[in-house]
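Under this note's numbering, think of the first position of the sequence shown as 4, with each following residue one higher.
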Amino acid sequence: MTTLQEKAYAKLNLTLDILGKRDDGYHDLESVMQQITLCDDIEIDVETGEDWKLECDWEDVPADSTNLAWKAAGLFYKSIGKDPQGLTIRITKRIPMQAGLAGGSADAAAVLRALNRHEGEPYTIWELARLSAKIGSDVPFCVLGGTCLGTGRGEKLEQLLPMPQCFYCIAMPDFSVSTPELFREYDEAETTWHPDTKGMLKSLDQHDLLHVAGHVGNTMEPVVNAKHPEIEEIKSVMRDCGALGTAMTGSGSAVYGIFDAFDMAAMASMQLMEKYKTFLSRNVN
Ligand code: C5P
4 MTTLQEKAYA KLNLTLDILG KRDDGYHDLE SVMQQITLCD DIEIDVETGE DWKLECDWED
64 VPADSTNLAW KAAGLFYKSI GKDPQGLTIR ITKRIPMQAG LAGGSADAAA VLRALNRHEG
124 EPYTIWELAR LSAKIGSDVP FCVLGGTCLG TGRGEKLEQL LPMPQCFYCI AMPDFSVSTP
184 ELFREYDEAE TTWHPDTKGM LKSLDQHDLL HVAGHVGNTM EPVVNAKHPE IEEIKSVMRD
244 CGALGTAMTG SGSAVYGIFD AFDMAAMASM QLMEKYKTFL SRNVN
């Protein structure tokens, strides 16, 4: 038996825009995504000689074949035509679920990266990212990491220059959002707001944190905030603590603030932690 270890890093959407609805039910997106240090730990035992198992320290995480990490292992071994002779996946979770932080996708991506390495790299990282789109729209980004522009379902990726270093305060309100439901509500919304993706790309090119932070934004945020004004409340606390930019990530409900100094991010976290689960994080580039 061999034990593999891998970090599963969370994702933030620096910008998230919806360009339109497609015939297959999905939406065409345009999103600048950033990998951050908030992470789950993944351990995989290969060749256990027993049935496949998934163990997780959080009770509400599915511990069976419906878990994206299990699906990722299944897809990987099917695609290389090999039987791993028994597999156990252990997940130590820190990334909150249904938060827009791609926690489940990050776990799946970490499983793919670890197994690909273990099997002698049958796939390049780009091939692995392409394969992983079968598991979910966010998985390819989690395989590649860094800073990327995602289009299509979010799975067509272009690597960008690294985001300037900064500190994030992330706050998780007490409600979670169903992604398909939110897309439906978005389609029915009468007015929409759109982030300036071009401005974000230019700011990243110029490696200018102030401008990057000034361009964060999420087209889905007003739809969520209309029902859950906590989003704006959190952003307001973060701004008062000196955040250079704030936005909801993905389909929510987590909200982040970008800070150029750790003590300001920590101050925001301290002010918010009585009411919300909070995290401090940095970029993974
Ligand atoms: O691909 P994934 O399983 O992560 O998507 C979850 C759901 O989110 C989809 O079933 C769909 O309803 C919605 N979605 C969408 N357009 C996207 C990505 C997700 O409508 N680009």
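From the three backbone atoms N, C-alpha and C, an ideal C-beta is built for every residue, glycine too.
Requested in this report: With Gly23 as the anchor, note down where its beta strand (DSSP E) starts and where it stops.
Outcome: 5 to 24
Report task. Determine the DSSP secondary structure at Tyr29, reduced to helix, strand or coil. Result -> coil
Query raised in the report: Would a check of beta-carbon distances place Gly255 closer than 8 Å to chain D?
Result: Here there is only one protein chain, and chain D is not present.
Query raised in the report: Less than 8 Å separating the beta-carbons of Thr150 and Leu207?
Result: Leu207 sits close to Thr150, with the two beta carbons spaced by under 8 Å.
Query raised in the report: Sorted by chain position, which residues of the same chain lie with C-beta nearer than 6 Å to Met100's C-beta, five sequence neighbours on each side aside?
Result: Gly106
Query raised in the report: So which of Ala192, Thr194, Phe178 has the shortest CA-CA distance to Val258?
Result: Phe178
Report task. With a threshold of 7 Å, establish whether the CB of His30 neighbours any heavy atom of ligand 1. Result -> Checking the Cβ of His30 against ligand 1 gives yes.
Requested in this report: Please determine, among Gly217, Glu188, Glu130, the residue with the shortest C-alpha to C-alpha distance to Ile83.
Outcome: Glu130
Query raised in the report: In whole angstroms, what is the alpha-carbon distance linking Asp211 and Pro167?
Result: 7 Å
Query raised in the report: Regarding Ser135 and ligand 1, is the C-beta to nearest heavy atom distance less than 7 Å?
Result: no
Query raised in the report: Quick one: Cα of His218 to Cα of Met203, how far?
Result: 5 Å
Query raised in the report: Would a C-beta distance cut-off of 8 Å place Gly139 and Leu71 closer than the cut-off?
Result: yes
**Report entry** Span separating the alpha-carbon of Leu275 from that of Ile173
**Finding:** 9 Å
Query raised in the report: Does at least one heavy atom of ligand 1 sit under 7 Å from the Cβ of Gly156?
Result: Looking at the sequence itself, residue 156 is Arg, so the reference to Gly does not match. Checking the Cβ of Arg156 against ligand 1 gives yes.
Requested in this report: Indicate, with yes or no, if ligand 2 has a heavy atom lying under 7 Å from the CB of Gly139.
Outcome: Judged by which ligands are present, ligand 2 is missing from the structure shown, whose ligands are ligand 1.
Requested in this report: Alpha carbon to alpha carbon, how far is Asp67 from Lys14? Give it in angstroms, no decimals.
Outcome: In a straight line, the C-alpha of Lys14 is about 24 Å away from that of Asp67.
Query raised in the report: Skipping 5 residues on each side, what residues in its chain have a beta carbon closer than 8 Å to that of Val180?
Result: Correct list, in chain order: Gln101, Gly103, Val227, Ser254, Gly255, Ser256.
Query - Contiguous beta strand (DSSP E) assignments of at least 3 residues, all confined to the segment 139 to 190 - result: 150 to 155, 159 to 162, 170 to 175
Report task. With distances taken Cα to Cα, identify the nearest neighbour of His214 among Thr6, Leu17, Ala11. Result -> Leu17
Query raised in the report: Under 8 Å, do Gly123 and Gln88 count as touching if we go by C-beta distance?
Result: no
Query raised in the report: Touching or not, the segment 231 to 241 and the segment 132 to 148, by the rule of three or more beta carbon pairs under 8 Å?
Result: no
Query raised in the report: Per DSSP, Phe3 is paired with what?
Result: Residue 3 falls outside the range modelled here, since the chain spans only 4 to 288, and no answer is possible.
Query - First through last residue of the alpha helix (DSSP H) which encompasses Leu118 - result: 106 to 121
Report task. Counting only the same chain and skipping the five closest in sequence on each side, list residues whose C-beta sits under 8 Å from that of Asp20. Result -> Leu32, Glu33, Ser34, His197, Pro198, Thr200, Thr222
Query raised in the report: Terminal residues of the continuous beta strand (DSSP E) containing Ile261?
Result: Counting along the chain, the beta strand (DSSP E) containing Ile261 begins and ends at 258 to 262.
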